[in-house]
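The structure under discussion appears below in the form of structure tokens.
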């Protein structure tokens, strides 16, 4: 690696360390983005703008304290909401310094929404520098067959969260299960979604219906083989990866354009452009898929688009005109 590239990398990581936690979620009034008459379409397996709106909202609520959640729940009496804090394992502390995991459980008679909150590390440089080039095998079944490799920190986040989630899932029956999350929580939600789909394939959790995953501002999770395995596994319900314009976190970690990286995204891209218009057929090479596709100024400003507030407001523009599940795509 030449000195110029090293200096650029250090600059990028310093900028990220300072600004990522400030940009992840801006404070905003829920009254400005809450519209109760937008239905949640519980049986939809296609991309559904209504569901994207509600799950983005759930991902934001996952960041809140208990009092805010209690106030929010008054607007949705059919859902019982709670936050479960997952104890950070020694491995999680080692791999993602400063990270803790909290899960928003929003449960109704027919559905369970699990919004994963992966709090930002105290030292973001550790996440995107030291661990960005480290991967571990992803085991796709009980025979320990490998399906590529995934980011070691995201895998540890998944392993820390799963025991509590498994306990909850085994206590319920005949419900739709929805995973969602933002930023690091999006990465964790994706691995949890894939894992539950794998268990269901083997006959476990047969009374539960795993619905599509919606994630927001997700970083890359695994290598090319992992992405390919997930893409062609028909037992995994759809993964909708929503990206807001130049959201810088979606450009991380590094990709094959850099010699020591080979991270790939998984799932179907749903792209929101600068004006807020939604596209489903965008070529990521054209819009920029890697942080080295942009100069340092554009990359810096890209963190503005990582805010969940921006995701929610853009989705609401479409969802508020669709008050029926029949025509909400």
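Numbering (my numbering), first residue to last: 6 to 334.
We treat Cβ as the ideally placed atom computed from N, Cα and C, and that holds for glycine.
{"Asked": "Is residue 141 closer than 7 angstroms to residue 231 when the C-beta atoms are compared?", "Found": "no"}
{"Asked": "Entirely within the region 169-239 and at least 3 residues each: give me those beta strand (DSSP E) ranges in chain order.", "Found": "181-187, 218-221"}
{"Asked": "Between the C-alpha atoms of residue 178 and residue 78, what's the straight-line distance to the nearest angstrom?", "Found": "23 angstroms"}
{"Asked": "Among residues of its own chain, excluding the 5 on either side of residue 221, which ones have a beta-carbon nearer than 7 angstroms to its beta-carbon?", "Found": "61, 64, 187, 191, 247, 313, 316"}
{"Asked": "Are the Cβ atoms of residue 151 and residue 325 separated by less than 7 angstroms?", "Found": "no"}
{"Asked": "Comparing C-alpha positions only, which one of 291, 216, 121, 244 sits nearest to residue 159?", "Found": "121"}
{"Asked": "Which residue's Cα is closest to the Cα of residue 223: 251, 284, 202?", "Found": "251"}
{"Asked": "Where does the unbroken alpha helix (DSSP H) through residue 311 begin, and where does it stop?", "Found": "Where residue 311 is concerned, there is no enclosing alpha helix (DSSP H), given that its DSSP letter is neither H nor E."}
{"Asked": "For residue 45, which residues in the same chain have their Cβ closer than 8 angstroms to its Cβ, ignoring the five residues on either side in sequence?", "Found": "55, 56, 59, 116"}
{"Asked": "DSSP on residue 28, reduced to helix/strand/coil?", "Found": "Since pLDDT at residue 28 reaches only 44, below the 50 mark, its modelled position is unreliable, and the value read off the structure follows with that caveat. Residue state, collapsed to three classes: helix."}
{"Asked": "Between residue 249 and residue 84, what straight-line distance do the alpha-carbon atoms span, to the nearest angstrom?", "Found": "28 angstroms"}
{"Asked": "Can you tell me the Cα-Cα spacing of residue 279 and residue 146, whole angstroms?", "Found": "41 angstroms"}
{"Asked": "By how many angstroms is the C-alpha of residue 157 removed from the C-alpha of residue 17?", "Found": "Since pLDDT at residue 17 reaches only 48, below the 50 mark, its modelled position is unreliable, and the value read off the structure follows with that caveat. C-alpha separation (whole angstroms): 21 angstroms."}
{"Asked": "Using 7 angstroms as the threshold, is the C-beta distance between residue 218 and residue 198 below it?", "Found": "yes"}
{"Asked": "How is the beta strand (DSSP E) around residue 249 delimited, first residue to last?", "Found": "244-249"}
{"Asked": "Which of the three DSSP states, helix, strand or coil, is assigned to residue 60?", "Found": "helix"}
{"Asked": "Does the Cβ of residue 321 have 16 or more other Cβ atoms within 10 Å, making it buried, or fewer, making it exposed?", "Found": "buried"}
{"Asked": "My output table needs one value for residue 254: the three-state DSSP class, helix, strand or coil.", "Found": "helix"}
{"Asked": "Apply the 10 Å Cβ neighbour rule to residue 36 and answer buried if 16 or more other Cβ atoms are within range, or exposed otherwise.", "Found": "exposed"}
{"Asked": "Near residue 235, which residues of its chain fall below 7 angstroms by C-beta distance, leaving aside the five closest residues on each side in sequence?", "Found": "199, 241, 271"}
{"Asked": "Could you check what DSSP says for residue 110 in three-state terms: helix, strand or coil?", "Found": "strand"}
{"Asked": "List the endpoints of the continuous beta strand (DSSP E) containing residue 151.", "Found": "151-156"}
{"Asked": "Residue 81 by DSSP, collapsed to three states: which one?", "Found": "coil"}
{"Asked": "What's the C-alpha gap between residue 289 and residue 76?", "Found": "39 angstroms"}
{"Asked": "Taking all protein chains shown into account, decide if residue 69 is buried (16 or more other Cβ within 10 angstroms of its Cβ) or exposed.", "Found": "buried"}
{"Asked": "Tell me whether residue 236 counts as near the ligand GTP, meaning its Cβ is closer than 6 angstroms to at least one heavy atom of that ligand.", "Found": "In the structure on display, the ligand GTP does not appear, and there are no ligands present to speak of."}
{"Asked": "Taking just the CA atoms, how far does residue 180 sit from residue 114?", "Found": "8 angstroms"}
{"Asked": "Kindly say whether residue 203, judged by its beta-carbon, lies nearer than 7 angstroms to any beta-carbon of chain D.", "Found": "Included in the structure is just one protein chain, with no chain D present."}
{"Asked": "Could you have a look at residue 37 and say whether DSSP puts it in helix, strand or coil?", "Found": "helix"}
{"Asked": "Under a three-way DSSP split, which group does residue 120 fall into?", "Found": "strand"}
{"Asked": "Is DSSP giving residue 87 helix, strand or coil here?", "Found": "strand"}
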